[in-house]
Structure formats: C-alpha cells, structure tokens
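**Student:**
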Amino acid sequence: MRVSIKQIIGEAWEFTQQNKKIINIYALLPAFLTTLIGIIYMIYQYFAFRASPLFENWDESFFEFLAKIGFSFIQDHQNLIIPFTITALVVGILYLLLPIFCEGAIIELVARKRNNIPVRMREGFRFGIIHFLPLFEYSLITKTYNLISMFTWGGFILRYWGWDAFMTMSPVLIVFAIASVILSIIFIYAEYFIVIDNVGVFKSMAKSSILVVTHLEETLLLFILMLIISVRIIIQIIVVLLIPAIVIMISYLLASATVPVVAIAIAGVVGLGLLYFASYINGTIHVFAVAVWVFTYLDLTNFEDTSARGEVRKVGEQLLNDED
Numbered sequence: 003m004r005v006s007i008k009q010i011i012g013e014a015w016e017f018t019q020q021n022k023k024i025i026n027i028y029a030l031l032p033a034f035l036t037t038l039i040g041i042i043y044m045i046y047q048y049f050a051f052r053a054s055p056l057f058e059n060w061d062e063s064f065f066e067f068l069a070k071i072g073f074s075f076i077q078d079h080q081n082l083i084i085p086f087t088i089t090a091l092v093v094g095i096l097y098l099l100l101p102i103f104c105e106g107a108i109i110e111l112v113a114r115k116r117n118n119i120p121v122r123m124r125e126g127f128r129f130g131i132i133h134f135l136p137l138f139e140y141s142l143i144t145k146t147y148n149l150i151s152m153f154t155w156g157g158f159i160l161r162y163w164g165w166d167a168f169m170t171m172s173p174v175l176i177v178f179a180i181a182s183v184i185l186s187i188i189f190i191y192a193e194y195f196i197v198i199d200n201v202g203v204f205k206s207m208a209k210s211s212i213l214v215v216t217h218l219e220e221t222l223l224l225f226i227l228m229l230i231i232s233v234r235i236i237i238q239i240i241v242v243l244l245i246p247a248i249v250i251m252i253s254y255l256l257a258s259a260t261v262p263v264v265a266i267a268i269a270g271v272v273g274l275g276l277l278y279f280a281s282y283i284n285g286t287i288h289v290f291a292v293a294v295w296v297f298t299y300l301d302l303t304n305f306e307d308t309s310a311r312g313e314v315r316k317v318g319e320q321l322l323n324d325e326d
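Shown next, in the form of structure tokens:
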C-alpha cells in the first residue's frame, strides 16, 4: 500500500479538530440547511406513505392535503403571503447554492493548509466564488445518479402504483443504485481536480476515473472512505427521525399540563437546539470527510510512476499535462 489509511484518517481528524473555524464559518450553515430540508423531506415521505393505499388510504394524497391547507392559510392570512414567499425563496436559494459555494471554499482551504500555504479564513469567500460555477455544473451532473433520487422515485412508484409495479421496476432501481455507487467512486476525485488544479468539469471526471483505475491497490481505502460518508448519512437520518419526534412529544406532554402557547414555545426552543447540535455534528463530519479525500488526492497525485520508457514522473503531472 502506497497510502497509509490509518495515517490519513488520523491526520484528517487532527486537522478537523485544529480548524474549528472552517466548521463554524463554512460548514455549519450548509449543514443546518441540509438537515432542516432533510427533516421536511422525511416528514413528507412519512405522511405521504400514511396517506397512500399501502396504509391508511386517505381520500386524497398528502400533497393535495397540504395544498388545501396552504391555500386556506393564504386566504385567511393574506398579509403573510409576501413574507412567507420571500422566506421560502431565500431558504430555497441558499439550500441550492450555499453548499456548493462552501464546498469550494472548504476544499481549497484544506488543500492550502495541508501544503503549509499561509491562508486566512476570509479568503474562503474568494475561493467559493471562483470555483462556484464549475462545481455547480458538476453538481447538476451528479444529481442525475445519486441514491436519494432512486429512493424518491422508488417511493413514488410504491405509493401510487403499488407493490406489483414496484417489484416490476425493482431490477431497474437496483441497477440504477449499483451504477450510482460505481459512478460515485469513479468520479470521487473530480471535485478536487476542479478546485485544487482548476481543471474543467468533464476533464476532471475523466482524470478522476484514470486516477482511480491507476491506484487499484487503494480500492480498500476508497471503500473505507465511502463508509465514512455512509456513517455521516446514517447519523443524519437518525437525527432527522429523532428531532421531529422529540418536538412532538414535548408539545404533547406540555399541552396537557400548561398553556399550549408555552408548550409550543418550549418545543420550538428544544427543536432548534437539537437542530443546531445535529447541524454541528454533520458539519464536523463533512469537514473531516473532505479533509480525508483532499489528503488522499494530494498524496496519490504526488506519487512518482515509471513509464514503459523508464521515465519517472508524478502521477499528478501526467494527468494534468495530458490534454487528450
């Protein structure tokens, strides 16, 4: 093994602990937004399944139920239409754009600090702006084969078309899931080519696949690192399920003993506290995962390889100088 898994993970964790500012400035808010949207997504999926013929078989779908409630609320509180619309737009735009902006900042900050290049935290805003467009283009491509899309479509088929249709489509979903995992591994270094070496999106994806294939002996490392990402997802799912349950439980218990407004206020404060705690954990794990991948990328591209002609060159130089 040319890369020490234990050493990289240890260095990445130490780096994460020593650079709390990166978490607080560039990871916490995106983690807060993704956790919040994740909670809303899970609540919607839960009630959508409850309303479907699979369970309680409501007279209308949960989406229609929400639409009616929203329309009724707008009719009764027309003065809140503009504030709610602005808030929804701001949250939606931040959710779509802020994680990509912060990702570019985090990757470059981690790479520069790993290479002992002096850098200030506020420079991350400049890095985020510089790398935003190519990372946004790359994110649009990756969204076509992520596992969340597969689960969403699988749930849609199950709710509206039933078990028979789901079982018929399951081979397609399974193939899609396997292909998603393979593509995720093959293109795992694309973001780092884009940010660290300023390579174009499609060339980064091609070079990432070459780098992965070139270092087949590091396959175990890739699987372990993918497991780290999976742990983050599992933690987020658990938190997503626990937060609304705890809030609802507090509201129910206090509503029977005191004024409902007080119960709602206490539940809201507790919910926000739990949401902040969950966001901080997710932000920390995200920075740690980025550090692991950046350190791995830098180490792999710095390896020297001998060609059939006996020429010794760094793998990174070979990839970056290859324009074909």
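My numbering puts the sequence shown at residues 3 to 326.
Just so it is clear, CB atoms sit at the ideal spot from N, CA and C, and this is done for glycine as well.
Report yes or no: is there a C-beta of chain D within less than 7 Å of the C-beta of Trp155?
**Tutor:** Absent from the structure is chain D; it holds one protein chain and no more.
**Student:** From Lys115 to Leu302, what does the alpha carbon distance come to, in whole angstroms?
**Tutor:** Here residue 115 corresponds to residue number 113 of the sequence shown, with the count starting at 1. Here residue 302 corresponds to residue number 300 of the sequence shown, with the count starting at 1. Each residue's alpha carbon lies about 17 Å from the other.
**Student:** Which term fits Ile196, buried or exposed, when burial requires 16 or more other beta carbons within 10 angstroms of its beta carbon?
**Tutor:** For the purposes of this step, residue 196 is taken as residue 194 along the sequence shown, with counting starting at 1. Buried is the call here.
**Student:** Report, in whole angstroms, the separation of the C-beta atoms of Ser182 and Leu149, which I expect to be a contact under 8 Å.
**Tutor:** In the sequence shown, residue 182 corresponds to position 180, counting from 1. In the sequence shown, residue 149 corresponds to position 147, counting from 1. Indeed they touch by this definition, with Cβ atoms about 5 Å apart.
**Student:** Taking the alpha-carbon positions, what's the Lys22 to Val203 distance?
**Tutor:** Walking along the sequence shown from the start, residue 22 turns up at place 20. Walking along the sequence shown from the start, residue 203 turns up at place 201. If I take the Cα positions, the gap works out to 30 Å.
**Student:** Write down the C-beta distance between Tyr140 and Glu193 rounded to the nearest angstrom, noting that I regard them as a contact closer than 8 Å.
**Tutor:** For the purposes of this step, residue 140 is identified with residue 138 of the sequence shown, where counting begins at 1. For the purposes of this step, residue 193 is identified with residue 191 of the sequence shown, where counting begins at 1. Between Glu193 and Tyr140 the Cβ distance is about 7 Å, and since that is below 8 Å, they are a contact.
**Student:** Is it buried or exposed for Val92, if we count other Cβ within 10 angstroms and need 16 for buried?
**Tutor:** In the sequence shown, counting from the first residue as 1, residue 92 sits at position 90. Label assigned to Val92: exposed.
**Student:** Between Ser210, Thr170, Phe168, His133, which lies nearest to Asn200 when the distance is taken from Cα to Cα?
**Tutor:** The count along the sequence shown starts at 1 and reaches residue 200 at position 198. It is His133 whose Cα lies nearest to the Cα of Asn200.
**Student:** Just curious, the alpha helix (DSSP H) that Leu91 is in, first and last residue?
**Tutor:** One-based indexing of the sequence shown puts residue 91 at position 89. It spans 83-116 - the alpha helix (DSSP H) in which Leu91 sits, taken as one unbroken run.
**Student:** To the nearest angstrom, how far is the alpha carbon of Glu66 from that of Leu100?
**Tutor:** Here residue 66 corresponds to residue number 64 of the sequence shown, with the count starting at 1. Here residue 100 corresponds to residue number 98 of the sequence shown, with the count starting at 1. Spanning the two alpha carbons is a distance of roughly 30 Å.
**Student:** Could you tell me the alpha carbon to alpha carbon distance between Ile24 and Ile108, rounded to whole angstroms?
**Tutor:** Numbered from its first residue, the sequence shown carries residue 24 at position 22. Numbered from its first residue, the sequence shown carries residue 108 at position 106. Between Ile24 and Ile108, the C-alpha separation is close to 7 Å.
**Student:** In terms of alpha-carbon separation, which member of Leu277, Tyr191, Val289 lies closest to Ile27?
**Tutor:** By one-based count along the sequence shown, residue 27 stands at place 25. Of Leu277, Tyr191, Val289, the residue nearest in Cα terms is Val289.
**Student:** Does Asp326 come out as helix, strand or coil in the three-state DSSP assignment?
**Tutor:** On the sequence shown, position 324 is the one that residue 326 refers to. In this prediction, Asp326 has a pLDDT of 46, which is less than 50 and means its spatial position is unreliable; nothing more can be read from the coordinates.
**Student:** Can you give the Cα-Cα distance for Tyr162 and Val177, rounded to whole angstroms?
**Tutor:** Mapped onto the sequence shown, residue 162 falls at position 160. Mapped onto the sequence shown, residue 177 falls at position 175. For Tyr162 and Val177, the distance between alpha carbons rounds to 22 Å.
**Student:** Taking the C-alpha atoms as reference points, what is the distance between Ala53 and Leu98?
**Tutor:** One-based indexing of the sequence shown puts residue 53 at position 51. One-based indexing of the sequence shown puts residue 98 at position 96. Approximately 29 Å, taken between the alpha carbons.
**Student:** Should Ala267 be labelled buried (16 or more other beta-carbon atoms within 10 Å of its own) or exposed?
**Tutor:** Taking the first residue of the sequence shown as position 1, residue 267 is located at position 265. The residue is exposed, with fewer than 16 neighbouring Cβ atoms inside 10 Å.
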